[in-house]
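Visitor: Mind the numbering: the sequence shown is residues 659 to 933 in UniProt numbering, read in order.
Glycine included, C-beta positions come from ideal geometry on N, C-alpha and C.
All figures in this text were calculated on a predicted structure; none of them were measured in a lab.
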Amino acid sequence: QAKTRGRGRHELFDVELRERVQRQLRLEQDLRDSVRGGQLWVAYQPVVDLRTYQRVAVEALLRWQHPVHGSISPGEFIPLAEESDLINLIGGYMLRTCTRELSLRRLRGGTRTRLTANLSARQLDDESLVDAVDDALRTTGLPPSELCLEITESALMREPEKAAEILTALRNLGVRLAIDDFGTGYSSLAQLWKLPLDTLKIDRSFVAGLDGPGNPDAEAIIKGIVTMAHSMGLTVIAEGTENERQVAILRGLGCDQAQGFHFGRPAPAEQVFGE
Ligand code: C2E
Ligand code: MG
Ligand code: MG
Ligand code: MG
659 QAKTRGRGRH ELFDVELRER VQRQLRLEQD LRDSVRGGQL WVAYQPVVDL
709 RTYQRVAVEA LLRWQHPVHG SISPGEFIPL AEESDLINLI GGYMLRTCTR
759 ELSLRRLRGG TRTRLTANLS ARQLDDESLV DAVDDALRTT GLPPSELCLE
809 ITESALMREP EKAAEILTAL RNLGVRLAID DFGTGYSSLA QLWKLPLDTL
859 KIDRSFVAGL DGPGNPDAEA IIKGIVTMAH SMGLTVIAEG TENERQVAIL
909 RGLGCDQAQG FHFGRPAPAE QVFGE
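#1: What separation, rounded to the nearest whole angstrom, lies between the Cα atoms of residue 660 and residue 672?
#2: Would you check if the distance between the CB atom of residue 931 and the CB atom of residue 763 is smaller than 7 Å?
#3: May I have a chain-ordered list of the beta strand (DSSP E) segments no shorter than 3 residues that lie completely inside the segment 843-919?
#4: Report yes or no: do the segment 686-698 and the segment 726-744 share at least 3 C-beta pairs separated by less than 8 Å?
#5: Rank 679, 752 and 690 by C-alpha distance to the C-alpha of residue 701 and give the top, closest one.
#6: My guess is that residue 896 and residue 860 are in contact by the Cβ rule of under 8 Å, so how many angstroms apart are they, rounded?
#7: Quick one: grab the DSSP three-state call for residue 680.
#8: Would you identify the three-state DSSP class for residue 702, choosing helix, strand or coil?
#9: Taking just the CA atoms, how far does residue 709 sit from residue 732?
#10: Examine ligand 3 and report whether any of its heavy atoms sits within less than 6 Å of the Cβ of residue 897.
#11: Here's a check: name, in chain order, each residue in its chain whose Cβ is nearer than 6 Å to the Cβ of residue 776, leaving out the five neighbours to either side.
#12: Would you list, in sequence order, the uninterrupted beta strand (DSSP E) runs of no fewer than 3 residues that lie entirely inside the segment 782-836?
#13: Would the C-beta of residue 720 count as close to ligand 1, meaning under 6 Å from any of its heavy atoms?
#14: Between the C-alpha atoms of residue 886 and residue 894, what's the straight-line distance to the nearest angstrom?
#15: Just checking my contact of residue 868 with residue 904 at CB under 8 Å: how many whole Å lie between their CB atoms?
#16: First and last residue of the alpha helix (DSSP H) that includes residue 767?
#17: Return yes when the C-beta of residue 938 is under 6 Å from any heavy atom of ligand 3, and no when it is not.
#18: Could you give the distance in angstroms between the alpha-carbon of residue 911 and the alpha-carbon of residue 675?
#19: When DSSP builds the beta bridges, which residues end up paired with residue 838?
#20: Go through its chain and collect everything with a Cβ distance to residue 847's Cβ below 8 Å, but skip five positions before and after it.
#21: In terms of DSSP beta bridges, what is residue 776 paired with?
#22: Taking the alpha-carbon positions, what's the residue 928 to residue 759 distance?
#23: With residue 645 as the anchor, note down where its alpha helix (DSSP H) starts and where it stops.
#24: Using a threshold of 7 Å, state whether the C-beta atoms of residue 801 and residue 825 are closer than that.
#25: In whole angstroms, what separates the C-alpha of residue 925 from that of residue 837?
#26: Given that a residue counts as buried once 16 or more other Cβ atoms are within 10 Å of its Cβ, and exposed if not, what is residue 726?
#27: Identify, in the order they occur along the chain, each residue of the same chain with its Cβ nearer than 7 Å to the Cβ of residue 771, setting aside the five sequence neighbours on each side.
Written as C-alpha cells, this is what we have:
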C-alpha cells in the first residue's frame, strides 16, 4: 500500500512539475513578444530623505501587463528573462525608458530627483552593458551623476572579481552604484570594501523585523549595518518602510533615506511626477 501511495505522489509531482515547466515556456515565449507588444511599462517609487522628508530619487521598477494573465511580477519574469537571454533586450528597454522619462521631466522643470534602476546578475556578465548605459545617457541627455544603478548583494557575490571590473567601468561613466537587498547575500566586508559603491539598501526583511517581537534584534542589526556603511562612506537607504513607527526608529538609527509603501507605492510616471 505504501508503494502505491508513493507512486501516486510521484505522479502528482510529475504533473505539477510539467505544468510549471509548461507555464514557464509559454511565458518565455510571451515575454519575447512583450517588448514590441507594448506590454512592458515602468513604475516609479519615491525615495525620501529622512531628515527633510523630501523626495530625493525615484526607483524604476519594471512591470509586465500580460494580455491573459494580467500583471506579472518582476520576481517571476526577470528570472525567466535571465534564463532565456531576453534580459539584455528587456534591460535595454528598461534603461532607455526610464532615462528618457527622467530626462524629459527634468527638462520640463518638473523634477530634480535622481533616478535609480536595477541591474540583474546576468546583465553584469555582459560586456555590452557599459555601452548600453552610456548610450542611454547620451541619447537622453540625462547627466550620469543623476543615475544610480542597483545590483543585489547576491548578484555581486556570484563572481565578485568580474563584478568589480564592470562596476568600475560603470563608475567611470559617472553613474552611482548601490548594493540592493543588503543583508540577504552573505557578502563579506573585505569584498564589499573593494567595490566602488555609493549607496547601501537595507533589505526590507530587517525593516519588517522592527514590528513585533524580533524588534531588539532587528534594531541591533540595522544599527550595525548603518555604522559599517557610514564608516565606508556609503549612503544608507531602508527598503520596505510601511509605517510611521518604522520611520521613527530608522531615523533614530541614523538611516539617511527610506523607501516603501508608507511614502508611496510604485506608480506610473504621470502619477508620480504629474501630467
Ligand atoms: P527591489 O529592487 O528590492 O525593489 C523593491 C521591491 O519592493 C519592489 O517590488 C517594490 O514594489 C517592493 N516594495 C516597495 N516598498 C515596499 C513596501 O513598503 N513593502 C513591501 N512589502 N514591498 C515594497 P517589485 O516591483 O515587485 O520588484 C521586485 C524585484 O524585482 C526588485 O526588488 C528587483 O530586484 C527586481 N526588478 C524590478 N524591476 C527590475 C528591472 O527593471 N530589472 C531588474 N534586473 N530587476 C528588476
Ligand atoms: Mg532595487
Ligand atoms: Mg531592494
Ligand atoms: Mg528587495
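Guide: Straight from the coordinates:
#1: Only weak support exists for where residue 660 lies, its pLDDT of 49 falling under 50; the coordinates are left without a value.
#2: yes
#3: 857-860, 893-896 and 915-917
#4: yes
#5: 752
#6: 5 Å
#7: helix
#8: Residue state, collapsed to three classes: strand.
#9: Residue 732 and residue 709 have their C-alpha atoms roughly 31 Å apart.
#10: yes
#11: The answer, listed in chain order, is 808.
#12: 805-810
#13: yes
#14: Residue 894 has its alpha-carbon roughly 10 Å from the corresponding atom of residue 886.
#15: 5 Å
#16: Element bounds for residue 767: n/a, residue is neither H nor E.
#17: Since the first and last residues shown for the chain are 659 and 933, residue 938 lies out of range.
#18: Cα to Cα, the separation comes out at about 45 Å.
#19: BP columns for residue 838 point to 810.
#20: 886
#21: 808
#22: 10 Å
#23: Residue numbering for the chain in the displayed model covers 659 to 933; residue 645 lies beyond these limits and cannot be assessed.
#24: no
#25: 23 Å
#26: Under this definition residue 726 is an exposed residue.
#27: So the qualifying residues of the chain are 713, 714, 715 and 716.
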